[in-house]
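Worksheet: one structure, shown below.
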Amino acid sequence: MVMDKGLSLRQTEDFIEVAGVHTDIVKLGWATSFVTPNLKEKLAIYRDAGIPTYFGGTLFEAFAIRNQFDDYRRVLDQFNMEYAEVSDGSITIEHDLKCEFIRKLSTQVTVISEVGSKDAAKIFAPYKWIKLMNAEIEAGSWKVIAEAREGGNVGIYRGSGEVREGLVDEILTQIPEETIIWEAPQKEQQVWFIKLLGANVNLGNIAPAETIPLETIRLGLRGDTFDHFLNLDKL
Amino acid sequence: MVMDKGLSLRQTEDFIEVAGVHTDIVKLGWATSFVTPNLKEKLAIYRDAGIPTYFGGTLFEAFAIRNQFDDYRRVLDQFNMEYAEVSDGSITIEHDLKCEFIRKLSTQVTVISEVGSKDAAKIFAPYKWIKLMNAEIEAGSWKVIAEAREGGNVGIYRGSGEVREGLVDEILTQIPEETIIWEAPQKEQQVWFIKLLGANVNLGNIAPAETIPLETIRLGLRGDTFDHFLNLDKL
Amino acid sequence: MVMDKGLSLRQTEDFIEVAGVHTDIVKLGWATSFVTPNLKEKLAIYRDAGIPTYFGGTLFEAFAIRNQFDDYRRVLDQFNMEYAEVSDGSITIEHDLKCEFIRKLSTQVTVISEVGSKDAAKIFAPYKWIKLMNAEIEAGSWKVIAEAREGGNVGIYRGSGEVREGLVDEILTQIPEETIIWEAPQKEQQVWFIKLLGANVNLGNIAPAETIPLETIRLGLRGDTFDHFLNLDKL
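Sequence order for the protein chains is A, B and C. The numbering of the first sequence is my numbering, which starts it at 8 and goes up by one. The numbering of the second sequence is my numbering, which starts it at 8 and goes up by one. The numbering of the third sequence is my numbering, which starts it at 8 and goes up by one.
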C-alpha cells in the first residue's frame, strides 16, 4: 500500500511506470484528496492501470465527526470508489459505533479499517489491539491497518520509530497475518517485518519513490536482507 | 512561500498543477538560481501561473560582498524580477548598510528582508530581533522573514528544530503578524505556528511536495490540527 | 556520482535537464536496476546525454555469491555497460578473490571498487582501509569508493552521520585523492569534504534532487561554504 500525498497527474503516471507492478493499492493520504485539484483525473489514471485506490481515514473522520456519514457515502459513490477506510485516529468514538460504520460501508465498498491513534500519548495494551481488530474484522473489514502515520512514529512504533516487538508478536498470535497491513514508512521498519513475516508481508504508507527500494528488500537484493533469503548451502 | 531548490521545467509545471492555488510566492532557494540552466523558462512558467518569484538572499549577499550591488540590480532587471530579498545570513555587515540596500532596492522591486543568521552559533536576544525587523520595515521591506534555513534548525528554532517560543511571543508583541514570514520547513513547526496564529499564517521554506500536506494542516484536515479548528459544540 | 534508485524515464530526463552538466557518472543504486522495468530505455537516455552509468555493487554481489560471475559479465555486455562496480558490502569473500574479480572485469569495463561494509558493526582500522584500497587499485580499479550507503551512516561515518575524520586523514596520506570517491549523501558530509579537499572533490551517492544544492556548496554559493572560497582581501 503506497501513500500518495499529492502527486501530479504526470508524477502519478511516472510512479505507475516504475512501480505499478509492485503496488497492490494506493491510499490518498489522510484528507489530501480533499485539496487535490485533479482528483477525478488522478483516480482515472490509477483505474486504467488496474491499481485500486482509497481515501485516507482522516477524510472519513472529518465527515463522521460532523454527522455527515451519509454525505461521505455519496462522496464515495460520486468518485466511484471501490474501497474505503474507517478509522478513529483523530476522533474519539465508541467502538460499537465504529463497527457500525464498518458494517454499513461494507455493503457499499470493500472496507479497510485502521486501529491505533495518531496521538502518540494514546497507547493501547496488546489485548486491546486484538479485541479491536477482531471486532472490526467481524463487522466486515477486509483488512485491518496497524497505525503508524506518515512518519512511522506512533501506534505500533515507539516515538523513535522502533517497532513495539512484543505488541506485534502478540497480535500475530490472534489475528491472521494476511488480514493485517502494517504501516511501515521507514526502511528499518520494512526490513523488520520482512525478516519476521517474509517477502510478501503487507506493508503500508510506502512513499512512491521508495517502492522500488522496498521491492529490492523483499527480494533480498539490498544489503539489509541480502543474507536473509539466501540459502548458501544450496549454492 | 515555497522553496524551489532546483525543479526542472516539467516539475515546476507539476507543482503548479497541484499546489499553485495554495502558493503566494516562490523563492528560488539561496543561490540555486545561479546554477539553474533553465532559469528564464522557469521564471516564465511561474509568471504565466500568476505566482511571483524571487531569488534567495544568498545570491544578493554574493553580489554585495563583492561590491557588486549595482550588478545585482541589473541582474534583477535582466530577469524582470518584481521581488528581491535582502539578507545577511552569510555575511556580516553594518545594519545601517543593510537598511540602505533595502531602501535602494525598494525603489526598484518589492523587498523581502530576512533577519537571523545561518550560523547556529549566532543567537540574538528578542529585543534585537525586534529592533532589526522594525528598522528593515521602516527602510522599505514589504515583509520580514524569520530565518530557519532549509533544515529548520537555526534562527527561530533550536538545533533540534524546536521553536524558540519565547522569542516568537516577544516578536509578536511588537511586529504586526501579517508583516512576518516564518520559515517553517518541518511539519511540527508548521503545526505550531498554525495553532498559534491561525490557518492563514505566513509560512516559508515549504518544500514543493509538502504544499498539499500543509494545506490540509491549515484546514484542520490532518491529525495534527483536526481538533483545533473544530467547534464540536456547534455540531 | 549521483545515485538513481528508481527514476522514471521522464524523471531521468528532468534530472539531466537540471543537473546533467554537474554530473560525472550515475549509479543505479545497489540492485535497483534488477527491478527497473524501463532499464534499457533509461540507460539510453543517460547515454544520449553523455553520462556514463553503472550498476550498484550489490547486483554484482548477488551474482558472485551464486557463483554466477560469468553470467554477470554477460549481463554487462547485454546492456552495453562500460563501467562496473566490484564490492563486498553484503558478502564476505577473500580479498584475493575480490581482486581477482576486479582484474577480470577490468579487461571488459572500467572498474570502480568499493571498500567498506554495509554492516555498521564491521569497522576496519585505517591501515586496513589503505591496504584494501591499494590492492584494489593495483588489481585494476579506476576509482575506489569509500562506503557510506544511501543513508550515510556506516563505513567512513559514524552511525550519527559524523565523519570518521582520523580515518579519512590517514587514508589520504597513502591513497591519491583523485582516486577516491567519497560517498556523502548528507549535506554536512558534503560540506566537510569540500572544505577539506576543495570544490572538485569526488563525492558519491548524491540524490538527484540534491545535485543543484551540492553545486552551490562547491561554488561557495550556500551559507555553509560562503566564506570558505571567498578571499575577502582581494575584494
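Backbone N, C-alpha and C define an ideal beta-carbon position, used for all residues, glycine too.
Residue ranges of each alpha helix (DSSP H) within the stretch 102–184 of chain B, 4 or longer: 102–112, 133–146, 172–181
Given a cut-off of 8 angstroms, decide if Y90/C and I32/C are closer than it, judged by their beta-carbon atoms. yes
Distance, Cα to Cα, V118/C vs I178/B? 58 angstroms
Can at least three beta-carbon pairs, one atom from the stretch 229–237 of chain B and one from the stretch 97–111 of chain A, be found at a separation below 8 angstroms? yes
Classification of K47/A by the beta-carbon crowding that lies within 10 angstroms, buried from 16 upward: exposed
What's the C-alpha gap between Q18/C and L139/B? 43 angstroms
Out of curiosity, what's the CA-to-CA distance linking D77/B and H102/B? 19 angstroms
Buried or exposed (CB count within 10 angstroms, at least 16 for buried), A128/C: exposed
Using a Cβ cut-off of 8 angstroms (strictly closer), state whether D11/C contacts chain B. no
How big is the Cα-Cα spacing for M10/B and A146/B? 25 angstroms
Per DSSP, what kind of secondary structure is A71/C in: helix, strand or coil? helix
Under the DSSP definition of a beta bridge, which residues are partnered with F62/A? L35/A
Can you tell me the Cα-Cα spacing of L112/B and T65/C, whole angstroms? 54 angstroms
With respect to the beta strand (DSSP E) encompassing A91/B, which residues constitute its N-terminal and C-terminal limits? 90–93
Alpha-carbon spacing of K12/A relative to E107/C, whole angstroms: 48 angstroms
For I52/C, which residues in the same chain have their Cβ closer than 8 angstroms to its Cβ, ignoring the five residues on either side in sequence? L16, T19, E20, I23
Rounded to whole angstroms, what is the Cα-Cα separation between K150/C and G166/C? 25 angstroms
3 or more residues per run - each beta strand (DSSP E) lying fully within the stretch 185–233 of chain B: 187–190
Which chain B residues sit within Cβ distance under 7 angstroms of K125/A? G230
Within 8 angstroms of any Cβ in chain A, is that where the Cβ of A96/C sits? Here the sequence assigns Gly to residue 96/C, which means Ala is not the residue at that position. Closer than 8 angstroms to some Cβ of chain A, the Cβ of G96/C qualifies, so yes.
Contact list for P220/A against chain C, beta-carbon separation under 9 angstroms: K12, G13, G36, W37, T39, E157
Within the 8 angstroms Cβ cut-off, does L16/C reach chain A? yes
Hey, how far is the Cα of K105/B from the Cα of V93/B? 7 angstroms
Using C-beta distances below 6 angstroms, list every residue in its chain close to A26/A, excluding the 5 sequence neighbours before and after it, in chain order. T218, I219
Check whether E190/C and A155/C have beta carbons under 8 angstroms apart: yes
When you compare only the Cα positions, how much space is there between N209/A and I188/A? 5 angstroms
Using the beta-carbon of each residue, which ones in chain B are nearer than 7 angstroms to L237/C? I72
Check whether the Cβ of D31/A lies closer than 8 angstroms to any Cβ atom in chain C. no
Any C-beta of chain C under 8 angstroms from that of A146/A: no
Excluding the 5 residues preceding and the 5 following D176/A in the sequence, name in chain order all residues of the same chain whose CB lies nearer than 6 angstroms to its CB. none
If we call anything under 8 angstroms between Cβ atoms a contact, is K194/C one with V161/C? no
Applying the 10 Å Cβ sphere with the 16-neighbour rule, what's the burial state of A71/A? buried
Using the Cα positions of G211/C and P44/B, report the straight-line distance between them to the nearest angstrom. 22 angstroms
Grab the span of the alpha helix (DSSP H) containing V25/A for me, first residue to last. 16–26
Shorter than 8 angstroms from the beta carbon of E24/B to some beta carbon of chain A? yes
Residues in its own chain within less than 8 angstroms of I163/C by CB, not counting five upstream and five downstream? G123, A153, E154, A155, V170, R171, L174, V175, W189, E190
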